[in-house]
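Colleague: Just passing along the structure, written as structure tokens.
Protein chains: 2
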Amino acid sequence: MVVLTSESITPHSREADSKVRSTRIRSAIRGDFDQAQEQIAALVPQPLDPSRSYSAQIHAILRDPIVRGHLPPGAALSEASIAAAVGTSRTPVREALQHLVQEQLVQVYPQVGTRVAPLRVALIREGCFVRRTLECANLLDVVNTITGAQREEIRSLLSRQQAALHDGATDALFQADEEMHRRLFEFAGRSRVWTLIAGTKLHLDRVRWLLLDRIKGHAERILREHTTIVERLMANDTAGFCSEMQKHIDAVAVHLLELRSCLPESYFSD
Amino acid sequence: MVVLTSESITPHSREADSKVRSTRIRSAIRGDFDQAQEQIAALVPQPLDPSRSYSAQIHAILRDPIVRGHLPPGAALSEASIAAAVGTSRTPVREALQHLVQEQLVQVYPQVGTRVAPLRVALIREGCFVRRTLECANLLDVVNTITGAQREEIRSLLSRQQAALHDGATDALFQADEEMHRRLFEFAGRSRVWTLIAGTKLHLDRVRWLLLDRIKGHAERILREHTTIVERLMANDTAGFCSEMQKHIDAVAVHLLELRSCLPESYFSD
DNA sequence: TCTTGCATACTACCATGCAAGTATGGTAGT
DNA sequence: ACTACCATACTTGCATGGTAGTATGCAAGA
């Protein structure tokens, strides 16, 4: 497959220079839209709930498989196919796709097609910076105010992770992980900061799910790191906490390179 | 006008309990949708450019006046009115509004109306945390790698701010300010971190524009602080830089309280 | 064999119409 | 005077149709 570089094609730009793009690259944008329909249809769990917004439900249905890698970078997402798969008109599908565009999970090429966005190395690298910076800064405040009950809650979330790993339930492991980090922000009255991070975390999670499938013992490593981090937290060792947290988050960026060598180059960009 | 509290009404929730909301509060949601049309029409500079996406253009047309306070919190934004004002159908207007919803600048109450979101104190307070944390952390890296030319660029952006203040051009002042901060991230290869911050900065800017109108000498104070910050940067005094930057950004949160006393309570939330 | 041109089938974008839900103002009944 | 009710005029959510732009594959020509 021809590589889609972000230099050659800028999504949603109708500028004059779009005329001069080579046909060779353009043809890479279209292509396998045919298999899209059944691929999407398999993701729809059940008929949509008419009492809730269709757009929101479709957004959720699409986002999860993108982040988890079931819809790989470059996968075609045509409005009509998805609409047929979920059983609605194209309108709510379109709104869901626009939402995903803003999250930078898909790219729309006007009049051409919509595709799952590649893994953008720069986005991931900078996402690591944002996460580790905000989480460390937040923790410096939390350690001064944390209560015994809150300590206990964190500890219990860690043991939930251990149990999940033991059962091989990576879903539950990730969920407990997410909740642990979120709670640390809520302890400092910063729940909205976490929702901000959650937006950038989407891109880090795309890498993490891929790593989980390809790299042996990855889940074990995650849990080991979490354990170390919580130990530092319990010991009020903020410096140690920050350095461990930093290593833990930046591991995504480090392993990204390794991932790049065993996956199609078209999965990546930047 | 009746206060719209976020506890009483959750946007875009079609849950069963929506039936029990009191009529008194609901009636506050609708109301002055009549004056919306001409209010919006005054904001449209010229006919839209058909060669670019209508949605994006409408989004830009609406966002600026919201951030600047020309469309105050609570202002009605009905799809039909805006569509008539800009001369398109409701579809691209709808997409622009959805975009603004994601930026948390407007709230949509299904089947009731769409309004400019109030100034959310928590969002602003936590936005300050995000900005000061990321900007300080970024600068710790920048000071080690900054070149002479980059130093000169920052200095020139500061003098552009001085010139703008002298001319009373607050627009140009804000623009140069924004570019200065953005460049500091680009120096470290983190342009995407800045776009992330720009999203939270929207809410801080809403406060800043209001302050600029109400508080005498506010522009002068901003420039004074910028000057101090750049001085610290030039002197490689990173600790001083961070503390000044912190004061500068947190000033928004501090003055927010003061602003709350001289503006309708309905402008605020949380 | 290779290139060029064109019909065709797709795409996303936008316009329009309908449906479901909600606030408002007037009216009938108490 | 006051309350309950209902017609009406809004709102947003969704469905559908038309349009401009793009890739593809075939056919005609060099």
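Just so you know, the sequences run in chain order A and B. Here the working numbering is used: the first residue of the first sequence is 87, the next is one more, and so on. Here the working numbering is used: the first residue of the second sequence is 87, the next is one more, and so on. For glycine and all other residues, C-beta sits at the position ideal for the given N, C-alpha and C. Everything numeric in this text was worked out from a predicted model, so none of it was measured.
1. Consult DSSP for residue 162 of chain B and reduce its assignment to one of helix, strand or coil.
2. Where residue 222 of chain A and residue 312 of chain A are concerned, what is the direct C-alpha to C-alpha distance, given to the nearest angstrom?
3. Just mark residue 108 of chain A as buried or exposed, buried being the case when its beta carbon has 16 or more other beta carbons within 10 Å.
4. Note down the Cα distance separating residue 294 of chain B from residue 184 of chain B, rounded to an integer number of angstroms.
5. CB residue 276 of chain B to CB residue 212 of chain A, shorter than 8 Å?
6. Please tell me whether residue 202 of chain B and residue 147 of chain B are closer than 8 Å, where the distance is taken between their beta carbons.
7. How long is the line joining the alpha carbons of residue 374 of chain A and residue 169 of chain A, rounded to whole angstroms?
8. Considering only residues of the same chain and omitting the five flanking positions on each side of residue 342 of chain B, which have a CB-CB separation below 7 Å?
9. Can you look up residue 172 of chain B in the DSSP assignment and give me helix, strand or coil?
10. Output yes if chain B places a C-beta closer than 8 Å to the C-beta of residue 181 of chain A; else output no.
11. Could you compute how far the alpha carbon of residue 133 of chain A sits from the alpha carbon of residue 179 of chain A?
12. Could you compute how far the alpha carbon of residue 228 of chain B sits from the alpha carbon of residue 268 of chain B?
13. Determine the extent of the beta strand (DSSP E) in which residue 195 of chain A is found, giving its start and end residues.
14. Roughly how many whole angstroms lie between the Cα atoms of residue 321 of chain A and residue 237 of chain A?
15. Contact check, residue 224 of chain A vs residue 270 of chain A under 8 Å by CB: the rounded distance?
16. Taking the alpha helix (DSSP H) that residue 233 of chain A belongs to, which residues open and close that run?
17. Would residue 161 of chain B and residue 127 of chain B qualify as a contact pair, given that the criterion is a beta-carbon distance under 8 Å?
18. Kindly indicate if chain A contains any beta-carbon less than 8 Å away from that of residue 161 of chain B.
19. Cβ closer than 8 Å: which chain B residues qualify as neighbours of residue 223 of chain A?
20. Closer than 9 Å by beta-carbon distance: list the chain B residues that pair up with residue 208 of chain A, in chain order.
21. What is the DSSP secondary structure of residue 137 of chain B, counted as helix, strand or coil?
22. With the cut-off set at 8 Å, would you say residue 285 of chain A and residue 189 of chain A are in Cβ contact?
23. Evaluate residue 310 of chain A with the Cβ neighbour count: other Cβ atoms within 10 Å of its Cβ, from every protein chain shown; 16 or more gives buried, anything less gives exposed.
24. Whose Cβ in chain B lies nearer than 7 Å to the Cβ of residue 282 of chain A?
25. On the CB-based measure, 16 or more other CB atoms within 10 Å of its CB, does residue 355 of chain A come out buried or exposed?
26. Determine which residues share a DSSP beta bridge with residue 282 of chain A and list them.
27. For chain B, is any of its Cβ atoms less than 8 Å away from the one on residue 205 of chain A?
28. So, for residue 256 of chain B: in the same chain, excluding its five sequence neighbours on each side, which residues have a beta-carbon less than 8 Å away from its beta-carbon?
29. Going by C-alpha distance, which of B:254, B:217, B:233 is nearest residue 264 of chain B?
30. Is the beta carbon of residue 331 of chain B closer than 8 Å to that of residue 315 of chain B?
31. Could you give the distance in angstroms between the alpha-carbon of residue 350 of chain B and the alpha-carbon of residue 254 of chain A?
32. Count the other C-beta atoms from every protein chain shown that fall within 10 angstroms of the C-beta of residue 136 of chain B, then say buried if there are 16 or more, exposed otherwise.
33. Relative to the C-alpha of residue 283 of chain A, which candidate in A:239, A:326, A:335 has its C-alpha closest?
34. In this structure, what does DSSP give as the bridge partners for residue 354 of chain A?
35. Would you tell me roughly how many angstroms separate the C-alpha atoms of residue 329 of chain B and residue 231 of chain B, rounded to the nearest one?
36. Is residue 247 of chain B buried or exposed, if buried means 16 or more other CB atoms sit within 10 Å of its CB?
Modeller: This is what the structure gives:
1. strand
2. 14 Å
3. Any reading at residue 108 of chain A is ruled out, since the residue's pLDDT is 34, under 50, leaving its predicted position unreliable.
4. 24 Å
5. yes
6. no
7. Absent from the structure is residue 374 of chain A, since the part of chain A shown begins at 87 and ends at 356.
8. 207, 210, 293
9. helix
10. yes
11. 14 Å
12. 12 Å
13. 192-195
14. 11 Å
15. 6 Å
16. Segment: none, residue 233 of chain A is in no alpha helix (DSSP H) and carries neither H nor E.
17. no
18. no
19. 215, 219, 223
20. 275, 276, 277, 278
21. coil
22. yes
23. exposed
24. 216, 286
25. buried
26. DSSP, once it has assigned bridges, lists no residue as partnering residue 282 of chain A.
27. no
28. 250, 298, 305
29. B:217
30. yes
31. 55 Å
32. exposed
33. A:335
34. A:205
35. 21 Å
36. buried
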